[in-house]
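Each residue of the sequence shown is one higher than the one before, counting from 1 in full-length UniProt numbering. Even for Gly, the Cβ is constructed at its ideal location relative to N, Cα and C. Source: prediction; values computed, not measured. What follows is a set of notes on a single structure, which appears directly below.
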Amino acid sequence: MLKPALERVLVRCCRPIFSNTEDVREAMAALLDLSAYANRAVTKLIAKPLRRFCHKDPDTIATLLETVPIDAAEFSHGRRAAMLLRCIPNQSCDEVIWERVVRITLMGLQGHKWSLHDCSVAIAHAGRGGRHAPALAAAAEELVAAKVRTASQSELPVLLVILTSLPDLSRSPCIQGAADRIVQLAEILSPAAIGQICACVNKISLRHTAMAIALQEEAIRFAEESDLFSAVQLFSFVCQQEKDAISPDAVKCLVERVIEGRDLDQTTVMALCRALRAIPRTLRPELLREITEMMEFLGVEAKGLLLLPVVEGGLKGDVPVEDVQLFISRFLALDCLLPEEHTRPDAYIAAVESCVECITERLEDIVSDENPPFSIIPHLLDINMEAARQCGLAIIREAAEQGIHFPTLQAFRFLLALGDHNMKDKRVYRHLRNEFAKTAAGIPMIQLCAALKCFVRGLVEEGETQSLDEQVEQELEREDMDAFLRFCVENLLRGFADGMEVKCV
1 MLKPALERVL VRCCRPIFSN TEDVREAMAA LLDLSAYANR AVTKLIAKPL RRFCHKDPDT
61 IATLLETVPI DAAEFSHGRR AAMLLRCIPN QSCDEVIWER VVRITLMGLQ GHKWSLHDCS
121 VAIAHAGRGG RHAPALAAAA EELVAAKVRT ASQSELPVLL VILTSLPDLS RSPCIQGAAD
181 RIVQLAEILS PAAIGQICAC VNKISLRHTA MAIALQEEAI RFAEESDLFS AVQLFSFVCQ
241 QEKDAISPDA VKCLVERVIE GRDLDQTTVM ALCRALRAIP RTLRPELLRE ITEMMEFLGV
301 EAKGLLLLPV VEGGLKGDVP VEDVQLFISR FLALDCLLPE EHTRPDAYIA AVESCVECIT
361 ERLEDIVSDE NPPFSIIPHL LDINMEAARQ CGLAIIREAA EQGIHFPTLQ AFRFLLALGD
421 HNMKDKRVYR HLRNEFAKTA AGIPMIQLCA ALKCFVRGLV EEGETQSLDE QVEQELERED
481 MDAFLRFCVE NLLRGFADGM EVKCV
């Protein structure tokens with residue numbers, strides 16, 4: 001009976017009803033005090049107005065700490081600490097106040113009296129932005145170490161959330177202890193618990209043979225009972241394992257469950273693309289049918305996101321260029337999973353065409369971004385579609401037009417690509433050549449020779465009639481080519497001096 005009345009009070013707190021600071025402080029104190037007795041649903045109602053107050057005037061937090069007790073020895077007070085850390089602004093909060101709140105949290109972790117869920121929420125928020133002290137990580141690790149060997153199936157996911165909340169703990173010995181406990185409880189873990197566990201270990205790219213085998217033994221039960229989120233997380237975890245730890249039958253079960261999903265978000269599509277790429281090469285022939293089905297499924301989802309307006313969670317419209325690049329790069333990387341002679345699914349081809357259209361529409365912005373699209377270009381050039389290859393070459397051409405700097409390795413790779421595709425574009429070749437020469441002083445001779453083979457004849461030509469500007473440009477090009485050839489000769493002489501052998505290839 002309390003909840004409807006309480007909800008009305010909390011909703012009322014969201015409105016601008018306060019006339020002075022003291023009223024605000026009293027309301028904040030009441031909300032924080034109440035959080036110790038609220039369930040998770042009511043906690044969400046409390047968090048909204050309290051966060052608004054904290055962000056509006058961070059100085060009131062100091063008074064709040066004096067008014068409302070947060071005792072490390074009181075079980076329910078862990079929820080207060082978690083609530084306060086959840087609502088404190090990340091940037092504008094005074095450092096002294098922040099350290100005081102973290103110190104209170106540290107005492108609670110060391111006391112082992114608060115619930116694991118409250119501790120996990122507090123640690124996650126205390127560690128945001130890398131602001132936490134090393135003592136917080138130590139206390140969190142100590143808490144997990146004390147619980148993990150006897151953890152129940154409901155406690156295990158929470159312990160892993162704690163371990164993966166702080167980067168300091170990504171190599172903690174407690175992770176091995178948690179994995180051992182997961183193996184022991186695998187038969188009774190619920191699909192939701194398995195999904196939460198895999199979501200945590202995927203954050204740190206954990207490889208653990210015994211854990212992977214134990215969870216895959218539950219694949220049939222899991223596929224029948226799990227939700228899409230849990231299926232995606234377990235599939236991602238399994239695909240990242242060593243070959244001997246992966247059961248093809250389990251992967252097939254998980255694929256059947258995953259492709260039942262619809263309207264995936266960007267994060268999920270990219271996670272599945274990454275998981276597919278991680279499947280060991282030696283297992284791909286056996287899983288060829290499942291990989292093809294996944295590529296068809298992801299093609300439908302990827303195309304849908306590329307055409308979906310940004311306000312609805314898609315990528316069409318005012319989306320940061322970096323997000324578009326990352327999404328397209330992850331998706332295009334799937335092409336290498338299928339043999340060249342294997343027919344690509346129609347849905348996958350349609351999605352690639354949508355990727356090409358998206359890149360073409362935003363070509364200048366993509367190339368001029370702080371992170372140039374170097375990862376996309378090889379994928380586009382490697383796909384056996386003329387439109388994709390032309391799009392990849394167009395990116396290189398636009399980068400040359402904008403004078404974008406290419407690292408040595410990228411310049412080398414693109415020189416090879418242009419040679420493979422017989423692209424005779426003087427401006428592009430000149431730019432790549434000059435970029436290559438700037439930083440390739442220590443490049444191995446075999447790479448230097450391979451790059452030289454990519455240059456085609458006819459880049460410097462004598463025209464019958466040339467304007468003055470053309471003659472000047474031709475002369476400058478001769479000077480650049482002379483400088484580049486001298487650079488090559490110097491490197492070759494140095495290679496011979498170091499004992500390089502001459503072989504006919």
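Quiz item: In whole angstroms, what is the alpha-carbon distance linking A199 and E224?
Solution: 19 Å
Quiz item: Who are the Cβ neighbours of G403 in its own chain at under 8 Å, not counting the five residues just before and after it?
Solution: H431
Exercise. Tell me whether P444 sits in a helix, a strand or coil according to DSSP, three-state version.
Key: coil
Quiz item: So what does DSSP say about K303, is it helix, strand or coil?
Solution: helix
Self-check item: Expected contact under 8 Å - CB spacing of T360 and C391 to nearest Å
Solution: 6 Å
Exercise. Below 8 Å on the Cβ atoms is my guess for R149 versus V121; work out the distance and round it to an integer in Å.
Key: R149 to V121, Cβ: 23 Å. No contact.
Quiz item: In chain order, what residues of the same chain lie with their CB nearer than 8 Å to the CB of E259, ignoring the 5 residues before and after it?
Solution: Sequence check: residue 259 is Ile here, not Glu. Answer for I259: E293, M294 and F297, listed in chain order.
Exercise. Taking P320 as the reference, give the member of E370, P89, L254 and I291 with the closest Cα.
Key: E370
Practice problem: In angstroms with no decimal places, state the Cα-to-Cα distance between R51 and V102. | Solution: 17 Å
Quiz item: Does the Cβ of E435 have 16 or more other Cβ atoms within 10 Å, making it buried, or fewer, making it exposed?
Solution: Sixteen is the threshold: when 16 or more other Cβ atoms of the shown chains lie within 10 Å of the Cβ of E435, as they do, the residue is buried.
Quiz item: Since Q110 is in the alpha helix (DSSP H), which residue starts that stretch and which ends it?
Solution: Going by DSSP, Q110 is part of the alpha helix (DSSP H) stretching over E95 to G111.
Quiz prompt | Whole-angstrom distance between L160 and L31, CA atom to CA atom | solution = 30 Å
Quiz item: Roughly how many whole angstroms lie between the Cα atoms of N90 and T43?
Solution: Their Cα atoms are separated by approximately 20 Å.
Quiz item: Between the Cα of I220 and the Cα atoms of V232, K203 and D249, which residue gives the shortest distance?
Solution: D249
Self-check item: For P309, the residue or residues it bridges with in DSSP
Solution: K316
Quiz item: Within 10 angstroms of its Cβ, does E364 collect 16 or more other Cβ (buried), or is it exposed?
Solution: exposed
Quiz item: Considering only the beta carbon of each residue, do R79 and A139 sit closer than 8 Å?
Solution: no
Quiz prompt | Where the alpha helix (DSSP H) through residue 518 begins and ends | solution = Missing from the structure shown is residue 518; the chain here goes from 1 to 505 and no further.
Exercise. Express the C-alpha separation of C355 and I376 in angstroms, rounding to a whole number.
Key: Distance between the alpha carbons of I376 and C355 is about 10 Å.
Quiz item: Hey, how far is the Cα of I366 from the Cα of C336?
Solution: 23 Å
Quiz prompt | 7 Å Cβ shell around A388 - same chain, five flanking residues per side excluded | solution = V352, V356 and L380
Quiz item: Taking Cβ positions, are L166 and I104 nearer each other than 8 Å?
Solution: no
Self-check item: Anticipated Cβ contact below 8 Å, D265 with T209, distance rounded
Solution: Incorrect: roughly 31 Å between the Cβ atoms, too far for contact.
Exercise. Check each candidate in M445, M28 and C449 and name the one with the smallest Cα separation from R494.
Key: M445
Quiz item: I think G111 touches A72, with their Cβ atoms under 8 Å apart; what is that distance to the nearest whole Å?
Solution: 4 Å
Quiz item: Quick one: what's got a C-beta closer than 8 Å to E290's C-beta in the same chain, skipping five residues either side?
Solution: V251, K252 and V255
Self-check item: Contact set for A47: own chain, Cβ-Cβ below 7 Å, skip 5 residues either direction
Solution: M83, R86 and C87
Practice problem: Give every residue of the same chain whose Cβ lies closer than 8 Å to the Cβ of C273, excluding the five residues on either side of it in the sequence, and list them in chain order. | Solution: L298, R330, F331, A333 and L334
Practice problem: Count the other C-beta atoms from every protein chain shown that fall within 10 angstroms of the C-beta of A41, then say buried if there are 16 or more, exposed otherwise. | Solution: Looking at its Cβ environment, which holds fewer than 16 other Cβ atoms inside 10 Å, A41 is exposed.
Quiz item: For V349, which residues from the same chain have a beta carbon less than 8 Å from its beta carbon, with the 5 sequence-adjacent residues on both sides left out?
Solution: According to the sequence as given, residue 349 is Ile; it is not Val. Hits under 8 Å: G299 and M385.
Quiz item: Which same chain residues, not among the five before or five after C239, have their C-beta less than 6 Å away from its C-beta?
Solution: A275, A278 and I279
Quiz item: F374 by DSSP, collapsed to three states: which one?
Solution: coil
Quiz item: N434: beta carbon under 7 Å from a heavy atom of the ligand NAP?
Solution: Questions concerning the ligand NAP fall outside what the structure shown contains, since it holds no ligand whatsoever.
Exercise. Output the distance between the C-alpha atoms of L315 and L308, rounded to the nearest integer angstrom.
Key: Approximately 6 Å, taken between the alpha carbons.
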